[in-house]
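Asker: Below you'll find the structure I mean.
Right under this line is the structure:
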């Protein structure tokens, strides 16, 4: 629209500098010797306008605001992995009034939708499937931009068409891709800033997890630990330039510390230990906590990889600046059941068994709930939270006491949990108000052969639950059993908990529900009509709290009926 | 979609297109697969146009076209007695080999004659000419100094609003793939007369909110109930229609309209040459910002 005073439209009206310099260009134009003068004016525009690029973002006040309760800024909301939001507008007493606000449907329809959206200042950023990303008005679901990543082919077949979401820093969004790149997008427009190759000398098996940003590092690992061809690694990229800062191989090369846990063969080259989920970070200790997957080259037959196979099925405490390994803890030494440790290492500062402690909690796929001292990796507690027969317990030094009958064999060995584990990658949550950790759990058993596995072999079908684990002693304080269609099939839907005293959870069938975080009483539920294979989140904007969940081909948000 | 998959899909699409055209062109029944097979056995033309984007070939193809085709398909190939070739599915989206075959063999049963007396290379020249018309990415390279153009892009302030290779502002569309989706004539028009066609998602608006706020920016999306505006500082404003008193939208582009006067002809040519190199296939050019 033309400016009423000058009759000119506000071309570059963002800042005084630029308006002035545009005028300079106009002056230059008006005179006959415009050529050189215009050049001068144009240079002035260029010199004075760089501020346009990053305009309005550097203020620390705004950064502060981003940290405020309203936002959900990373896969697990913040670096603790707690998935606890202090928001309490939606709470135990009014949850019955929670209704759908809007839905957003993905196009094209992805194979799987595993993302947790992030929200900053009323803008929601999410990925769908393995290639699609978008920004939405978080109050209406109307799209602001859409990005469809045209990936590079990796041989035949459809690549892993799923992704767990973005990390954000300033005006940059980061996303892992099906063709093993880390891409950075402009959060304002969705345009591509750069893309960096994650794998070079390795075959590519996709980067599906949401990256984690720590200062100027963007961290992301890869999947593919079950392929028998991967030596797992975690990469750190410079958040501005996209250049790789360091790579940490989760399987040591001969001679490196930890290599004594591998035989004197080439097995380590396909040693797996893929860090395919998102880690957590403690800024006070400056330690990253990153979990790793099962060892290879063969999942169920460990005969050609004698030893503990470090650092598979472990959590690694590392320095974000250079990837230095400070300590490690291995949950399942020499795993032969495909029990990845790719569950969130949840960081909690709490009074633990009478002492203030900095602990790391993990409900592991091997069905044990662990408490570690995260300053040094000391093992504090390991108690089963789901049906298990593979270990007689965890000894005080942190090593499992094995049941030899559960070890995979030619004839098959019965063991619990089954291949899907006591839980899996889907997010748990922890509520500081209740001291409980909420885990989607599974009681299931299977028969493990050296060549594979089967499930449901003891005549008892597997069962799915949401369990509230008391972090003091690992006991289950309450559980919500899934029934009917949802009872058996593996549920990859995570949990989220709030200051409103609620825990949100979902099911494979598509029910999205909320329970009282203290008692497990189910207070609200909604059928989204499609498999939920993701974890919920919550945010607020302009005084209104929303809850969101990705379900099959779409995304649903809820708020209280006004 | 991957390049490899893209070809696969194009192939499937083409097979469909070819099937369809087989229905209406009667006896012409070469399918894409056999066209390719033939080339592998050495008995047919190459599956890819060896002259793609070659300026001299386009020029020669234009000459041949004028002599042999214009009488039916029109001087500008946009149709007269016979169909518009710029809009033709086979020209715009079919494979090189499929177009080659149509030109060489004609379409039996219709007025469309074979070009039996043309050399293979001459047929490819006509293919280059037609593809250049119908496919932005297949224009012959624009003449001009690319490096000077890159420098100008920064110096005259284009990069303040437009991003290329990850560098630049966010106010205008990223231009990494511009030449893959627009012809250089269209790009020239964008630079000289930005207001003649303002791209959806980049329209300047001012909203007067009921509470007295004045929100200025680019209209990124809107529907019956709400409006989404990107402000110059990179923040978004979301307004319910019911909270808007007036929404003024400008018919003029947010891009300066003085480049026609400030840039000398050769500078413009250098800029266009630089933009012509911006055909990154890995930058999506579907800017679709609407819900589906």
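Chains as they are written, first to last, in our numbering: chain A, 1 to 562; chain V, 1001 to 1292.
From the three backbone atoms N, C-alpha and C, an ideal C-beta is built for every residue, glycine too.
(1) Between the C-alpha atoms of residue 1289/V and residue 474/A, what's the straight-line distance to the nearest angstrom?
(2) Tell me the rounded alpha-carbon separation between residue 265/A and residue 390/A.
(3) Give the DSSP bridge partners of residue 195/A, in chain order.
(4) Does residue 431/A pass the burial test, meaning 16 or more other C-beta atoms within 10 Å, or should it be called exposed?
(5) Helix, strand or coil: which one does DSSP assign to residue 1017/V?
(6) Figure out for me which residue from 168/A, 469/A, 269/A has the closest Cα to the Cα of residue 117/A.
(7) Please report the distance separating the alpha-carbon of residue 523/A from that of residue 534/A.
(8) Shorter than 8 Å from the beta carbon of residue 119/A to some beta carbon of chain V?
(9) In whole angstroms, what is the alpha-carbon distance linking residue 143/A and residue 1202/V?
(10) Under 8 Å, Cβ to Cβ, is there at least one residue of chain A near residue 1224/V?
(11) Could you check how far apart the C-beta atoms of residue 233/A and residue 250/A are, in whole angstroms? I think they sit under 8 Å.
(12) Under 7 Å Cβ-Cβ, which residues of chain A neighbour residue 1228/V?
(13) Please name the residue in 367/A, 485/A, 347/A whose C-alpha comes closest to that of residue 377/A.
(14) Would residue 196/A be called buried (16 or more neighbouring beta carbons within 10 Å of its own) or exposed?
(15) Of all Cβ atoms in chain A, is any one closer than 8 Å to the Cβ of residue 1197/V?
(16) Determine whether the Cβ of residue 182/A lies closer than 8 Å to any Cβ atom of chain V.
(17) Note down, in chain order, every chain A residue with its Cβ under 8 Å from the Cβ of residue 1182/V.
(18) Could you give the C-beta distance for residue 1195/V and residue 1251/V, rounded to a whole number, given that I count them as a contact under 8 Å?
(19) Using beta-carbon positions only, say whether residue 498/A and residue 76/A come within less than 8 Å of one another.
(20) Chain V partners of residue 478/A, CB-CB under 8 Å?
(21) For the alpha helix (DSSP H) containing residue 236/A, list its first residue and its last residue.
(22) State the Cα-Cα distance for the pair residue 554/A and residue 542/A, rounded to the nearest angstrom.
(23) Can residue 1174/V be considered in contact with the ligand SAM, in the sense that its beta carbon sits closer than 7 Å to one or more heavy atoms?
(24) Which residues does DSSP pair with residue 1244/V in a beta bridge?
(25) When Cβ atoms are compared, which residues of the region 184–216 of chain A fall closer than 9 Å to chain D?
(26) Given this structure, state the Cα-to-Cα distance separating residue 527/A from residue 513/A, to the nearest angstrom.
(27) If you follow the beta strand (DSSP E) that residue 127/A is in, where does it begin and where does it stop?
(28) Going straight from the alpha carbon of residue 106/A to that of residue 147/A, what length do you get?
(29) Quick one: is residue 99/A near chain V, going by C-beta distance under 8 Å?
(30) Taking only beta carbons into account, state which residues of the region 102–131 of chain A come closer than 8 Å to chain V, listed in chain order.
(31) Please confirm whether residue 1238/V has its beta-carbon closer than 8 Å to some beta-carbon of chain A.
(32) In this structure, what does DSSP give as the bridge partners for residue 291/A?
(33) Where does residue 1030/V sit, in a helix, a strand or coil, going by DSSP?
(34) When DSSP builds the beta bridges, which residues end up paired with residue 348/A?
(35) Can you give, in chain order, each stretch of the beta strand (DSSP E) that sits fully within the region 403–461 of chain A and has at least 3 residues?
(36) Is the Cβ of residue 1061/V closer than 8 Å to any Cβ of chain A?
Answerer: According to the structure data:
(1) A caution first: residue 1289/V carries a pLDDT of 48, below 50, which makes its placement in the model unreliable, though a value can still be read off. Their backbone Cα atoms lie some 48 Å apart in a straight line.
(2) Taking the straight line joining both Cα atoms gives about 28 Å.
(3) Paired residues: 183/A.
(4) It counts as buried.
(5) Bear in mind that the predicted position of residue 1017/V carries a pLDDT of just 38, short of 50, making it unreliable; the figure below should be weighed with that in mind. In the structure shown, residue 1017/V adopts helical secondary structure according to DSSP, grouped into three states.
(6) With distances taken between CA atoms, residue 117/A lies nearest to 168/A out of 168/A, 469/A, 269/A.
(7) Cα to Cα, residue 523/A sits roughly 21 Å from residue 534/A.
(8) Between residue 119/A and chain V, the shortest Cβ-Cβ separation is not below 8 Å.
(9) Between residue 143/A and residue 1202/V, the alpha-carbon positions lie close to 14 Å from each other.
(10) Between residue 1224/V and chain A, the shortest Cβ-Cβ separation is not below 8 Å.
(11) Confirmed, about 6 Å.
(12) Here the neighbours are 137, 142, 144.
(13) Answer by Cα proximity: 347/A.
(14) The residue in question, residue 196/A, is buried, as its Cβ has 16 or more Cβ neighbours within 10 Å.
(15) Judged by the 8 Å Cβ criterion, residue 1197/V is not in contact with chain A.
(16) No - not a single Cβ of chain V is within 8 Å of the one on residue 182/A.
(17) Ordered by position in chain A, no residue passes the 8 Å Cβ test against residue 1182/V, which lies about 16 Å from the chain.
(18) Taking C-beta atoms under 8 Å as the contact rule, residue 1195/V and residue 1251/V qualify, at a distance of about 7 Å.
(19) For residue 498/A and residue 76/A, no; Cβs fall outside 8 Å.
(20) What residue 478/A touches in chain V: nothing, since even the nearest Cβ is about 40 Å away.
(21) For residue 236/A, there is no enclosing alpha helix (DSSP H); the residue is part of the beta strand (DSSP E) that begins and ends at 233–238.
(22) Distance between the alpha carbons of residue 554/A and residue 542/A is about 24 Å.
(23) In the structure shown, the ligand SAM is absent, as is every other ligand, since no ligand is present at all.
(24) DSSP lists 1209/V as partners of residue 1244/V.
(25) Among the protein chains of the structure shown, namely A and V, there is no chain D.
(26) Straight across, the Cα-Cα distance linking residue 527/A with residue 513/A is about 9 Å.
(27) Where residue 127/A is concerned, the enclosing beta strand (DSSP E) stretches over 123–128.
(28) For residue 106/A and residue 147/A, the distance between alpha carbons rounds to 12 Å.
(29) Not closer than 8 Å to any Cβ of chain V, the Cβ of residue 99/A fails to qualify, so no.
(30) Correct list: 104, 105, 107, 121, 122, 123.
(31) Residue 1238/V has a beta carbon lying within less than 8 Å of a beta carbon in chain A.
(32) Within the DSSP bridge table, the entry for residue 291/A names 315/A as partners.
(33) Residue placement at residue 1030/V is flagged as unreliable, the pLDDT there being 27, under the threshold of 50; the coordinate-derived value follows with that caveat. Residue 1030/V falls in the coil class under three-state DSSP.
(34) DSSP lists 359/A as partners of residue 348/A.
(35) Qualifying beta strand (DSSP E) stretches, in chain order: 413–415, 429–431, 436–443, 446–449, 452–455.
(36) It does not: the Cβ of residue 1061/V has no partner Cβ on chain A nearer than 8 Å.
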